[in-house]
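The next block holds one structure in the form of structure tokens; read it before the comments.
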Amino acid sequence: MTQSSIRTWAWVHKWSSLVCTVFMLLLCLTGLPLIFHHEIGDWLGNHIETPHIDHQGPMASMDAMLVAAKTKQPGMVPLYMYREEDEPLQWVISMAKTTTAESGFKQVVLDARTAQVLGEPPVEEGFMYVMFKLHVDLFAGLPGMLFLGLMGFLLLVAIVSGVVLYAPFMRKLAFGEIRRQRGKKLKRLDVHNFLGIVILSWALVVAATGVINAWSDLLIKYWQFDQMSQMIAPYKNLPPPEKFASLQASLQVAQKTEPDMQLGFIAFPGTAYASPHHYGIFMRGDSPITKRLFKPVLVDARTATLTDSRDLPWYLVALLVSQPLHFGDYGGTTLKWLWAVLDVITIIVLWTGLMLWWKKRHQYVPDIRARITLSEAY
Amino acid sequence: MVTHLFMPNKQLSQIFFWPLIIALVSMAGLIFALVVDDARECLANAAIAIPVLVAIFFYWIRPLFSRR
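As given, the protein sequences belong to chains A and B, one line each in that order.
Count along the first sequence from 1, add 901, and you get the number used in the numbering used here.
Count along the second sequence from 1, add 3, and you get the number used in the numbering used here.
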């Protein structure tokens, strides 16, 4: 590596990281509680327990649950119906004033056996909501998401240039060597280089999947344009239905269409994952990978008949597979703790990098020979 | 006989040998954890834990033995 190419890479590393560091520190700090959002929700008492009752016989009808939710929140329309993995006997229906609302959401948690309302967890408030919004879009909606996506891309550039620069710095050092006795500066540099190279794979994966996630809203919009518009073409000029067919009957149609899959979630007519004329019923597999890959079944919301069902396009498969790799929620509690420790190591790498720049900025060495010696040292 | 007063320049392959091994093992762990849902998950978690263990070893444990 020539001196000039080292200088170019150093320039790339310095500026790509300087621009994104503050945002990355914010993302690492807000991401830390988000890793444990489930556990924190439990500690804060937001978790709604399923009552122990002696229940035999079939589960409650989807229609009964919908009626119960609408009675609880009159004047609101249902958006999505889903359940948490650890509460298989609950269904959650999210609601808002309109299907296109961007705030004012409510959630109604129902007992899947009896269709009884179990509670309404707080939405859009509290510590975790603030952490979530700061992490996802800085309270700025789509522009905020795309901005953080761009910062994530700069982090990727910083990681790659950091790996390139690792070589010239390590020419005379053994792997893992931290020069502790030769001043704070060298120690800080060695810690930055060592921790940075050690967590390389994890940092690359989390940064890259974060960038993909930042595009999620646009990918869904593209899917609507690319696939949904073809699937619902026959309904193009029809007015939206005023009366809706049974949700339970629609679900049975979807189950019959995909007999080997199970229900993942339901998107109600008018939401981003359905059409104004359809229930979007998203079926999933049950292996570790296929349980994350949904297959949409569009059921006519007026007649409860099948309209279309097709596999997700590659870009949505990429999005759905990238999500667990970003959240670290796919390997139990051990993996969550590993994610947290790696996140803290990332904070140390970011902080030492920032301090290296800050201290160097304040250091002026008038003697040219001393300057050369110092810059050779790091 | 002393052959080098200072450590000689290392080759790229020497510089990146351990980082590459750690990167490959932890990457394999990250992907493996995604496709298994049983006891093999422990294996995947162990692979993902390697960077953390290496960091702990070189930062805290090794200095305890190499103090002069």
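The beta carbon of each residue, even a glycine, is placed where N, CA and C say it ideally should be.
Per-residue contacts from residue i into chain A (C-beta, under 9 Å)
i       : result
B/Phe61 : Phe1076, Gly1077, Glu1078, Ile1079, Phe1095 and Val1099
B/Ile72 : The question about residue 72 of chain B has no answer, for chain B in this structure spans 4 to 71.
Proximity test, Cβ basis, 8 Å: residue i and chain A
i       : result
B/Leu67 : no
B/Leu37 : yes
B/Ala42 : no
B/Ile18 : yes
B/Pro22 : yes
With 16 other Cβ atoms within 10 Å as the buried cut-off, status of residue i
i         : result
A/Ala1278 : At A/Ala1278 the pLDDT is 49, less than 50, meaning the model places this residue with poor confidence; the figure from the coordinates comes in the next sentence. So A/Ala1278 ends up on the exposed side.
A/Leu1217 : buried
A/Val1112 : buried
A/Asn1094 : buried
A/Pro952  : exposed
A/Thr922  : buried
A/Gly1063 : buried
B/Met4    : Caution is warranted here: a pLDDT of 45 is assigned to B/Met4, below 50, making its placement in the model unreliable, and no coordinate value can be reported.
A/Gln991  : buried
A/Ile1246 : buried
A/Lys1085 : exposed
A/Glu940  : exposed
B/Asn12   : exposed
B/Pro66   : exposed
A/Asn1138 : exposed
A/Ile1182 : buried
A/Lys1007 : buried
A/His903  : In the sequence as presented, His is not what sits at residue 903 of chain A; that position holds Thr. So A/Thr903 ends up on the exposed side.
C-beta contact flag for residue i and residue j at 8 Å
i         : j         : result
A/Ile949  : A/Leu1019 : yes
A/Thr1001 : A/Val978  : no
B/Pro22   : A/Leu1243 : no
A/Ile1121 : A/Ala1173 : yes
A/Ala1175 : A/Phe1166 : no
A/Gln1163 : A/Met1184 : yes
A/Tyr1134 : A/Arg1203 : Note that residue 1134 of chain A corresponds to Ala in the displayed sequence, not to Tyr. Not a contact, by the Cβ cut-off of 8 Å.
B/Val39   : A/Pro1189 : yes
A/Ser962  : A/Gln1149 : yes
A/Ser917  : A/Leu1055 : yes
B/Val28   : B/Ala50   : yes
is_contact[residue i, chain B] using C-beta, thresh 8 Å
i         : result
A/Ala911  : no
A/Pro1044 : no
A/Ile1190 : yes
A/Arg908  : no
A/Ile949  : no
A/Lys1073 : yes
A/Tyr1279 : The predicted position of A/Tyr1279 is uncertain, since its pLDDT is 48 and thus under 50; a value taken from the coordinates is nonetheless stated next. By this cut-off, A/Tyr1279 is not an interface position.
A/Pro1160 : no
A/Pro989  : no
A/Ile854  : No answer is possible for residue 854 of chain A: it lies beyond the span of chain A, which begins at 902 and ends at 1279.
A/Gly1053 : no
A/Val1112 : no
A/Thr1235 : yes
A/Gly1232 : yes
A/Val1058 : no
A/Leu1148 : no
A/Val1250 : no
A/Leu1221 : no
Start-to-end residues for the beta strand (DSSP E) that takes in residue i
i         : result
A/Val978  : Val978 to Tyr983
A/Met963  : No beta strand (DSSP E) holds A/Met963; the alpha helix (DSSP H) holding it covers Met963 to Lys973.
A/Ile1167 : Gln1163 to Ala1168
A/His948  : Element bounds for A/His948: n/a, residue is neither H nor E.
A/Ile1182 : His1179 to Arg1185
A/Ala997  : Gln991 to Ala997
A/Lys1007 : Lys1007 to Asp1012
A/Ser1147 : Unbroken run through A/Ser1147: none, as it is neither H nor E.
A/Pro1197 : Phe1195 to Asp1201
A/Val1018 : Val1018 to Gly1020
Closer than 8 Å at the beta carbon, the chain C residues around residue i
i         : result
A/Ser1102 : Looking for chain C here will not work: the only protein chains present are A and B.
Terminal residues of the alpha helix (DSSP H) in which residue i lies
i         : result
B/Ser73   : Because chain B here runs from 4 to 71, residue 73 of chain B falls outside it and cannot be looked at.
A/Val1064 : Gly1042 to Phe1070
A/Gln904  : Gln904 to Ile936
A/Asp955  : From DSSP, A/Asp955 is part of no alpha helix (DSSP H); its letter is neither H nor E.
A/Leu1120 : Ser1117 to Trp1124
A/Thr1247 : Gly1233 to Arg1262
Under 7 Å from the C-beta of residue i: neighbouring residues of chain A
i       : result
B/Leu15 : Ala1068
Contacts that residue i makes with chain B (C-beta to C-beta distance below 8 Å)
i         : result
A/Gly1181 : Those do not exist, as A/Gly1181 stays about 26 Å from chain B at its closest Cβ, beyond 8 Å.
A/Tyr981  : Ordered by position in chain B, no residue passes the 8 Å Cβ test against A/Tyr981, which lies about 25 Å from the chain.
A/Gln1253 : The question names Gln, but residue 1253 of chain A is Thr in the sequence shown. By Cβ distance, chain B contributes nothing, its closest Cβ being about 12 Å from A/Thr1253, past 8 Å.
A/Leu1257 : In chain order: nothing, as chain B lies at least about 17 Å away.
A/Thr1015 : Under the 8 Å cutoff, chain B gives no residues; its nearest Cβ is about 30 Å from A/Thr1015.
A/Val1106 : Met30 and Leu33
A/Leu1239 : Asn48, Ile51, Ala52 and Val55
A/Leu1226 : Leu33 and Leu37
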